[in-house]
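Worksheet: one structure, shown below.
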Amino acid sequence: CLAMDQQKSDLRLIEELHRIDEQASKMQDYKVLRSIMSDEAVVMPPGAGFLMGRERLDAAFAKMESAHKTEEILEYAFDFKEVLIVEGYAIEFGTIKGRSRPLNADTYTETVYKVMRILRKEESGWKVFRTIWNELKAP
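Residues in the sequence shown are numbered consecutively from 1, following our numbering.
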(Lines of atoms letter the chains of each structure in order from A and count residues from 1; the text may use other names and numbers.)
(Lines give C-alpha, C1' and ligand atoms only; values in the text may rest on other atoms or scores of the structure.)
Protein backbone atom coordinates (compact mmCIF):
# COMPACT_ATOMS: atom_id res chain seq x y z
CA CYS A 1 0.00 0.00 0.00
CA LEU A 2 1.40 3.40 -1.01
CA ALA A 3 0.22 5.14 2.18
CA MET A 4 1.96 2.54 4.37
CA ASP A 5 5.19 2.90 2.38
CA GLN A 6 5.04 6.68 2.82
CA GLN A 7 4.41 6.28 6.56
CA LYS A 8 7.42 3.95 6.89
CA SER A 9 9.58 6.35 4.89
CA ASP A 10 8.47 9.30 7.05
CA LEU A 11 9.20 7.37 10.26
CA ARG A 12 12.71 6.55 9.01
CA LEU A 13 13.32 10.21 8.20
CA ILE A 14 12.00 11.28 11.62
CA GLU A 15 14.28 8.73 13.32
CA GLU A 16 17.19 10.25 11.39
CA LEU A 17 16.14 13.71 12.64
CA HIS A 18 16.19 12.32 16.20
CA ARG A 19 19.70 10.92 15.65
CA ILE A 20 20.98 14.24 14.29
CA ASP A 21 19.34 16.09 17.19
CA GLU A 22 20.89 13.75 19.78
CA GLN A 23 24.38 13.97 18.28
CA ALA A 24 24.29 17.75 17.83
CA SER A 25 22.97 18.24 21.37
CA LYS A 26 25.72 16.06 22.79
CA MET A 27 28.34 17.99 20.80
CA GLN A 28 26.69 21.34 21.62
CA ASP A 29 26.59 22.06 17.88
CA TYR A 30 24.02 24.83 17.78
CA LYS A 31 24.43 25.41 14.02
CA VAL A 32 23.19 21.88 13.36
CA LEU A 33 20.48 22.25 15.99
CA ARG A 34 19.26 25.45 14.30
CA SER A 35 19.25 23.66 10.94
CA ILE A 36 16.70 21.09 12.16
CA MET A 37 14.32 23.82 13.36
CA SER A 38 11.67 25.26 11.09
CA ASP A 39 12.02 29.00 10.50
CA GLU A 40 8.48 29.17 11.90
CA ALA A 41 9.30 27.12 15.00
CA VAL A 42 8.04 28.01 18.45
CA VAL A 43 10.36 26.93 21.27
CA MET A 44 9.04 26.87 24.84
CA PRO A 45 11.96 26.22 27.21
CA PRO A 46 11.40 25.73 30.94
CA GLY A 47 11.01 28.93 32.93
CA ALA A 48 11.19 31.21 29.89
CA GLY A 49 8.91 32.81 27.35
CA PHE A 50 8.28 31.82 23.78
CA LEU A 51 11.17 31.86 21.33
CA MET A 52 9.80 32.34 17.84
CA GLY A 53 10.47 34.07 14.57
CA ARG A 54 13.36 33.42 12.23
CA GLU A 55 15.48 36.34 13.47
CA ARG A 56 15.03 35.49 17.16
CA LEU A 57 15.75 31.81 16.52
CA ASP A 58 18.88 32.67 14.51
CA ALA A 59 20.09 35.07 17.23
CA ALA A 60 19.41 32.63 20.09
CA PHE A 61 21.22 29.74 18.41
CA ALA A 62 24.13 31.98 17.36
CA LYS A 63 24.46 33.19 20.96
CA MET A 64 24.55 29.60 22.25
CA GLU A 65 27.08 28.66 19.55
CA SER A 66 29.44 31.49 20.52
CA ALA A 67 29.13 31.02 24.29
CA HIS A 68 32.09 29.60 26.18
CA LYS A 69 31.42 25.93 26.90
CA THR A 70 31.39 25.16 30.61
CA GLU A 71 30.27 21.55 30.56
CA GLU A 72 30.66 18.33 28.66
CA ILE A 73 27.51 16.50 27.59
CA LEU A 74 28.13 12.82 28.31
CA GLU A 75 24.70 11.57 27.28
CA TYR A 76 21.71 13.01 25.45
CA ALA A 77 19.09 10.51 24.37
CA PHE A 78 15.45 10.62 23.35
CA ASP A 79 12.94 7.98 24.34
CA PHE A 80 9.81 8.81 22.38
CA LYS A 81 6.73 6.91 23.52
CA GLU A 82 4.72 7.84 20.43
CA VAL A 83 5.27 9.42 17.03
CA LEU A 84 1.94 10.08 15.33
CA ILE A 85 2.03 11.30 11.71
CA VAL A 86 -0.97 13.28 10.50
CA GLU A 87 -1.09 15.12 7.15
CA GLY A 88 2.44 16.52 7.04
CA TYR A 89 2.88 16.88 10.80
CA ALA A 90 4.25 14.48 13.39
CA ILE A 91 3.28 14.72 17.04
CA GLU A 92 5.69 13.09 19.45
CA PHE A 93 6.13 12.85 23.19
CA GLY A 94 8.54 11.14 25.51
CA THR A 95 11.63 11.88 27.54
CA ILE A 96 15.13 13.21 27.08
CA LYS A 97 17.79 11.70 29.33
CA GLY A 98 20.91 13.74 29.81
CA ARG A 99 24.13 13.40 31.73
CA SER A 100 26.69 16.21 31.92
CA ARG A 101 29.66 17.34 33.94
CA PRO A 102 31.56 20.57 34.30
CA LEU A 103 34.71 20.65 32.19
CA ASN A 104 37.70 19.08 33.97
CA ALA A 105 35.51 17.55 36.69
CA ASP A 106 34.82 13.96 37.67
CA THR A 107 31.30 14.40 39.02
CA TYR A 108 28.29 14.47 36.73
CA THR A 109 24.62 15.35 36.87
CA GLU A 110 21.80 13.30 35.40
CA THR A 111 18.62 14.98 34.21
CA VAL A 112 15.41 13.68 32.67
CA TYR A 113 13.05 15.96 30.78
CA LYS A 114 9.51 15.38 29.55
CA VAL A 115 9.22 16.59 25.96
CA MET A 116 6.43 17.15 23.47
CA ARG A 117 7.13 18.24 19.91
CA ILE A 118 5.34 18.81 16.67
CA LEU A 119 7.42 18.24 13.56
CA ARG A 120 6.45 19.57 10.15
CA LYS A 121 7.36 18.09 6.80
CA GLU A 122 8.95 20.89 4.76
CA GLU A 123 10.58 20.93 1.34
CA SER A 124 13.96 20.27 2.96
CA GLY A 125 12.64 17.44 5.16
CA TRP A 126 11.18 17.02 8.62
CA LYS A 127 11.82 19.98 10.96
CA VAL A 128 11.00 20.78 14.57
CA PHE A 129 7.96 23.08 14.37
CA ARG A 130 6.88 23.30 18.04
CA THR A 131 8.74 22.08 21.12
CA ILE A 132 8.20 22.25 24.86
CA TRP A 133 10.01 20.43 27.64
CA ASN A 134 10.44 20.52 31.40
CA GLU A 135 12.39 18.64 33.99
CA LEU A 136 10.95 15.43 35.34
CA LYS A 137 11.60 15.59 39.08
CA ALA A 138 12.30 12.39 40.96
CA PRO A 139 9.33 11.32 43.16
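Ideal Cβ placement from N, Cα and C applies to all residues, glycine included. This one's a predicted model, so the numbers in the text were calculated from it and none came from an experiment.
> Nearest to Met-129 by alpha carbon, out of Met-116, Lys-137, Leu-11?
Replying inline: The sequence given here has Phe at residue 129, not Met. Looking from the CA of Phe-129, the closest CA among Met-116, Lys-137, Leu-11 belongs to Met-116.
> With DSSP run on the structure shown, which of helix, strand or coil describes Asp-29?
Replying inline: Note: Asp-29 maps to coil in three-state DSSP.
>> Please list the terminal residues of the continuous alpha helix (DSSP H) segment that includes Ser-66.
In response: Counting along the chain, the unbroken alpha helix (DSSP H) around Ser-66 starts and ends at 54-66.
> What residues in its chain sit with their C-beta under 7 Å from that of Glu-22, if we drop five residues either side in the sequence?
Replying inline: Taken in chain order, the residues that qualify are Tyr-76, Ala-77, Phe-78.
> Do the segment 106-120 and the segment 20-35 touch if we need at least three Cβ pairs shorter than 8 Å?
Replying inline: No, because fewer than three Cβ pairs between the segment 106-120 and the segment 20-35 fall closer than 8 Å, the two stretches do not touch.
> So what does DSSP say about Ile-20, is it helix, strand or coil?
Replying inline: Per DSSP, reduced to three states, the secondary structure at Ile-20 is helical.
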